[in-house]
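> Questions regarding the structure given below will be posed in turn.
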Amino acid sequence: MGKKNLDYLSNPDESLDKNYSKERQKIRKAIRAEDEKTKKMGGVIDWNYMLNDMM
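For the sequence shown, the positions run 114 to 168 when our numbering is used.
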């Protein structure tokens, strides 16, 4: 079985985390927390920055 992409943008729901490895579940949880925090402040995550500069 090949690696499964995180696919957070199209499937952000926490209930889907069980479909990923423990390591990827932690990553999805961190992304979700940042996404929710940013949305509460009225902002939007800069996905280009996150995917290209942070990873």
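Beta carbons: idealized from backbone N, C-alpha and C, even for Gly.
So D148 is in the alpha helix (DSSP H); what residue range does that whole segment cover?
135-153
> Relative to the C-alpha of Q138, which candidate in S123, N118, W160 has its C-alpha closest?
N118
> Which whole-angstrom value describes the C-beta separation of D159 and R141, a residue pair presumed to lie in contact below a C-beta threshold of 8 Å?
That pair is no contact at about 18 Å.
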